[in-house]
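Notes for the one structure printed next.
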Amino acid sequence: MENEDIRWVQRFNNFNKALNSLGVAIEEFREDENDEIVKVGMIKFFEMTYELAWNTMKDYYENQGETGIQGSKDAIKLSFTRGLITDAQKWFDMVDSRKLSVHTYDEDTANEVAKDIVDTYYNLFIQLQTRLQLEKLSS
Numbered sequence: 005m006e007n008e009d010i011r012w013v014q015r016f017n018n019f020n021k022a023l024n025s026l027g028v029a030i031e032e033f034r035e036d037e038n039d040e041i042v043k044v045g046m047i048k049f050f051e052m053t054y055e056l057a058w059n060t061m062k063d064y065y066e067n068q069g070e071t072g073i074q075g076s077k078d079a080i081k082l083s084f085t086r087g088l089i090t091d092a093q094k095w096f097d098m099v100d101s102r103k104l105s106v107h108t109y110d111e112d113t114a115n116e117v118a119k120d121i122v123d124t125y126y127n128l129f130i131q132l133q134t135r136l137q138l139e140k141l142s143s
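Pasting the structure below:
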């Protein structure tokens with residue numbers, strides 16, 4: 005089977021596209037942190053990137069024969085246990101931020117999530133991207 009036909013690789017390619025868009029949004033946000041539209045757009049790109057990240061983890065391990073991965077927390081736990089990610093707590097914080105960003109909206113919450121995206125979550129995504137790229141090349 006062609007590498008590009010593997011489900012986790014397809015999802016990973018979409019993750020890369022979303023991560024690139026998130027990076028552009030972060031650059032725009034850094035230029036003007038008071039622009040509400042830019043902030044909300046960055047948060048939406050974060051949500052999309054987050055969903056693709058944990059689903060890529062899930063697909064990656066299912067491709068290896070794992071079963072029973074029910075949601076993002078299961079995927080994160082397994083990824084940490086297997087060494088795909090190195091800081092499970094920050095990923096669990098990301099889960100909480102994602103829930104807050106989707107289910108509530110107030111300015112303080114949005115500002116906190118935006119800060120976490122720029123300061124922490126984007127780098128976690130980059131680390132995951134690097135590890136998965138190595139896995140993709142070796143498969």
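So in my numbering, the last spot in the sequence shown is 143, and the numbers never skip. Here a beta-carbon is modelled for each residue, glycine too, at the ideal position from N, C-alpha and C.
Inspect the beta-carbon positions of residue i and residue j and report whether they are closer than 7 Å.
i: Leu-22; j: Leu-56; result: Per the sequence shown, residue 22 should be read as Ala rather than Leu. Contact flag set, yes.
i: Asn-67; j: Arg-15; result: no
i: Met-61; j: Ser-83; result: yes
i: Tyr-126; j: Ile-30; result: yes
Who are the Cβ neighbours of residue i in its own chain at under 8 Å, not counting the five residues just before and after it?
i: Ile-130; result: Leu-23
i: Phe-33; result: Asp-39, Val-42, Lys-43, Met-46, Ala-118, Val-122
i: Ala-114; result: Lys-43, Val-44, Ile-47, Ser-105
Express the C-alpha separation of residue j and residue i in angstroms, rounding to a whole number.
i: Glu-116; j: Asp-63; result: 30 Å
i: Ser-39; j: Glu-51; result: Residue 39 is actually Asp in this sequence, not Ser. Rounded to whole angstroms, Asp-39 to Glu-51 spans 19 Å at the Cα level.
i: Lys-48; j: Thr-134; result: 23 Å
i: Asn-17; j: Gly-75; result: 20 Å
i: Leu-104; j: Glu-37; result: 20 Å
i: Gly-69; j: Ser-142; result: 17 Å
i: Trp-12; j: Lys-140; result: 9 Å
i: Glu-111; j: Ile-73; result: 34 Å
i: Thr-85; j: Ser-25; result: 29 Å
i: Asp-120; j: Asp-100; result: 11 Å
i: Glu-35; j: Val-28; result: 11 Å
i: Asp-78; j: Thr-71; result: 10 Å
i: Leu-132; j: Leu-138; result: 10 Å
Starting from the C-beta of residue i, find all residues in its chain whose C-beta is less than 7 Å away, skip the five residues before and the five after it, and write them out in chain order.
i: Trp-95; result: Ile-80, Ile-89, Leu-128
i: Arg-102; result: Glu-51, Tyr-54
i: Thr-124; result: Lys-94
Flag residue i as yes if its beta-carbon sits less than 7 Å from any beta-carbon of chain C, otherwise no.
i: Leu-138; result: In summary, chain C is missing from the structure at hand, where a single protein chain is found.
Out of the options, which one is the CA nearest neighbour of residue i?
i: Asn-20; options: Leu-136, Leu-141, Leu-104; result: Leu-136
i: Tyr-65; options: Lys-48, Gly-87, Thr-53; result: Gly-87
i: Val-106; options: Gly-27, Tyr-54, Thr-124, Val-13; result: Tyr-54
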